[in-house]
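In the working numbering, the protein residues as written are 169 to 270.
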């Protein structure tokens, strides 16, 4: 899911796909879902940096954010205790917040 969202956001920036044109706002009644934003790209870049520093934390973020797993489910996939996954989740969130704000 992460790769799909990131590639969609990148594709919309490309000149070949009209990246130099300003988009016109559609009628709010016709909108089915919000447009992806540059935030997705920022999260992707920050996750790549996190994977270099702490690969387990990056995998946990992927499982929680993109796969929608709960802490116990993600802990089971990673093979760690739920409490350890909870601590790792807190660390990853703080790390990502700091990186994205830069």
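Ideal Cβ placement from N, Cα and C applies to all residues, glycine included. For clarity, every value in this text was computed on a predicted model and none was experimentally measured.
With distance defined between alpha-carbon atoms, name the residue in the options nearest to residue i.
i	options	result
residue 258	225, 179, 242, 238	225
residue 261	235, 244, 214, 247	214
residue 177	193, 195, 208, 169	208
residue 270	192, 181, 217, 169	217
residue 254	234, 228, 173	228
residue 256	267, 268, 223	223
residue 263	221, 231, 238	221
Give a yes or no on whether 9 Å exceeds the smallest Cβ distance from residue i to chain B.
i	result
residue 208	The chain inventory of the structure shown lacks chain B, comprising one protein chain alone.
Please classify residue i as buried or exposed, where buried requires at least 16 other C-beta atoms within 10 Å of its C-beta.
i	result
residue 211	buried
residue 192	exposed
residue 242	buried
residue 249	exposed
Hey, residue i and residue j: beta-carbon distance below 9 Å or not?
i	j	result
residue 219	residue 169	no
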